[in-house]
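Those letters in the sequence shown? Residues 31 to 343, by the working numbering.
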Amino acid sequence: MTAIACIVADWGTTNLRAWALDAGGSLVEQRGGNQGLLAVQGGRFAEALAQVCGSWFSPGVPVLLSGMVGSKLGWSEVPYLAAPVALDELSRNLYQVESSLPVVVRIVPGVKLEDAEQPDVIRGEETQILGALQILGIRDGVFVLPGTHSKWALVEAGRLTSFRTYMTGEVFGLLRGSGTLSQLMQGEGQDEAAFAEGVTRGASADAGGLLHRLFSVRTLGLLDKMPRSSLASYLSGLLIGAEVRDGLAWLRIADRAGITSSIGSPAILESYRQAVKTLSGAELPALDSAAVVPLALFHMARAAGLLAQAEKQ
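Have a look at this one:
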């Protein structure tokens, strides 16, 4: 087996994805699953990490974590860096956590955006954006990162200058899982036509506001205007359509011509691709987060001098 020089992981609320990398940053092995923060009992993060990656541990092999593991809900709260911030600064502000593990564990800081009206924060997406810049070989861009809390972010000269959060995924999960709308939604299948209809209605200038339009999920099902098996797709379209409409308007105000890339899992990226195509006619380039995260974390580990021992071998 190729020698492991670095262990990196994206540790979020729901999932943990970990990669063992060699001295050149190439993948040795990948592991993960639904061992996110919510699955960790009693703050036993060290034990949870050891269960997934323990056989990779070796003295001198650094462990670098990104994501919600550095939040108030995580292993240890890591202070935010203030935007605008050079993404290269992330490697200079890694936070070392205390543990009894035979390896040293560090967590990447998030980024905060100070605003008197509505401050904003990022944890994990800053790492994905850094990885995207490296893959694309650029220093400027506009990035969309769909998820539980979707992010739209602006990067200038390698600096994360501004971003905007939409609670699209969380709101969908809540409405899909409980309340009067959920009582009518049936099945787990994807209805592309219903999704497209939702996108168009959710982004419509005469939609009457999203809170008004959401009630159509109930009435369309209640009055047999739409199959109940299609309502979840329609709801998803409403929410994503409203997000994309606002996000595109925000980019116009910021005088940014278009989206450089989206970053996330293939399934959710396809939904956003369809929405952006429907509302703007533009294609939405995509990067799988599973490709950008280990690259970015390896870059940080090297920049922080954590790979010195492995590079000497």
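Yeah, the Cβ is synthetic: ideal placement off N, Cα and C, and Gly gets one too.
Limits of the unbroken beta strand (DSSP E) element including residue i
{"i": "Asp276", "result": "Asp276 -> not in any beta strand (DSSP E); alpha helix (DSSP H) instead, spanning 261-283."}
{"i": "Gly42", "result": "That residue, Gly42, is in no beta strand (DSSP E); it is neither H nor E in DSSP."}
{"i": "Ala2", "result": "For residue 2 there is no data in the structure shown, the boundaries of the chain being 31 and 343."}
Sequence-distant residues of its chain with Cβ nearer than 8 angstroms to residue i (five each side left out)
{"i": "Ser212", "result": "Leu205, Arg206"}
{"i": "Ala321", "result": "Gly161, Ile165"}
{"i": "Cys83", "result": "Ile37, Ala39, Ala48, Ala50, Arg61, Val93"}
{"i": "Ile289", "result": "Val172, Phe173, Val174, Leu281, Val306, Ala312, Leu314, Pro315"}
Spatial neighbours of residue i in its chain, beta-carbon cut-off 6 angstroms, leaving aside the 5 residues before and after
{"i": "Ala326", "result": "Thr157, Leu160, Gly161"}
{"i": "Gln126", "result": "Arg136"}
{"i": "Gln343", "result": "With a pLDDT of 46 at Gln343, under the threshold of 50, the predicted position of this residue should be treated as unreliable, though the coordinate-derived value follows. No residues qualify anywhere along the chain."}
{"i": "Arg47", "result": "Asp40, Gly62"}
{"i": "Thr44", "result": "Gly66"}
{"i": "Ser130", "result": "none"}
Nearest-angstrom Cβ-Cβ length linking residue i and residue j, presumed shorter than 8 angstroms
{"i": "Tyr196", "j": "Phe225", "result": "With a Cβ gap of about 17 angstroms, Tyr196 and Phe225 do not count as contacting."}
{"i": "Gly97", "j": "Asp40", "result": "5 angstroms"}
{"i": "Arg153", "j": "Gly171", "result": "Not confirmed; about 20 angstroms, so no contact."}
{"i": "Phe173", "j": "Ser291", "result": "6 angstroms"}
{"i": "Gly251", "j": "Arg243", "result": "Not quite, the Cβ-Cβ distance comes to about 14 angstroms (not below 8 angstroms), so this is no contact."}
{"i": "Ile270", "j": "Ala305", "result": "5 angstroms"}
{"i": "Pro132", "j": "Pro176", "result": "Wrong, their Cβ atoms sit about 37 angstroms apart, outside the cutoff."}
{"i": "Asp118", "j": "Ala262", "result": "Incorrect: roughly 42 angstroms between the Cβ atoms, too far for contact."}
Among the options, the one whose alpha carbon lies nearest that of residue i
{"i": "His329", "options": "Val115, Gln164, Ala146, Pro89", "result": "Gln164"}
{"i": "Gln71", "options": "Asp285, Leu309, Trp105, Ile270", "result": "Trp105"}
{"i": "Val58", "options": "Ser85, Gly42, Phe202", "result": "Ser85"}
{"i": "Met256", "options": "Glu227, His242, Leu278", "result": "Glu227"}
{"i": "Gly66", "options": "Gly55, Ala78, Ser56", "result": "Ala78"}
{"i": "Thr230", "options": "Glu273, Gly219, Pro149, Thr308", "result": "Thr308"}
{"i": "Thr178", "options": "Glu273, Leu317, Gly311", "result": "Glu273"}
{"i": "Val138", "options": "Asp145, Ala297, Ser121", "result": "Ser121"}
{"i": "Pro114", "options": "Leu337, Asp150, Phe75", "result": "Asp150"}
{"i": "Ser301", "options": "Glu222, Gly42, Ser319, Gly239", "result": "Glu222"}
{"i": "Ser1", "options": "Glu218, Ser295, Ser234, Pro109", "result": "Any property of residue 1 remains undetermined from this structure, which presents the chain solely from 31 to 343."}
{"i": "Val218", "options": "Ala35, Arg258, Lys102, Ser192", "result": "Val is not the amino acid found at residue 218; the sequence shown has Glu there. The residue with the shortest Cα to Cα distance from Glu218 is Arg258."}
{"i": "Tyr110", "options": "Val91, Leu143, Phe87", "result": "Leu143"}
{"i": "Asn64", "options": "Gln81, Leu124, Phe87, Asp254", "result": "Gln81"}
Alpha helix (DSSP H) segment containing residue i, residue limits
{"i": "Ser301", "result": "296-310"}
{"i": "Ala316", "result": "Segment 316-318 is the beta strand (DSSP E) holding Ala316; no alpha helix (DSSP H) there."}
{"i": "Val229", "result": "222-233"}
Cβ shell of residue i (< 7 angstroms), same chain only, five flanking positions each side left out
{"i": "Arg248", "result": "Thr210, Leu211, Leu214"}
{"i": "Ala187", "result": "Arg169, Asp170"}
{"i": "Trp280", "result": "Trp182, Arg194"}
{"i": "Gln216", "result": "Arg258, Ser259"}
Closer than 9 angstroms to chain B by CB, residue i
{"i": "Gly161", "result": "Considering every chain present, this structure includes no chain B. It has just one protein chain."}
Check: residue i C-beta below 8 angstroms from any heavy atom of the ligand PLP
{"i": "Val151", "result": "Looking for the ligand PLP in the displayed structure turns up nothing, as the structure carries no ligands at all."}
**Report entry** Every unbroken alpha helix (DSSP H) inside the stretch 116-194 [4 residues or more]
**Finding:** 155-166
Query raised in the report: What are the complete beta strand (DSSP E) segments, minimum 3 residues, inside the stretch 53-98?
Result: 57-63, 93-96
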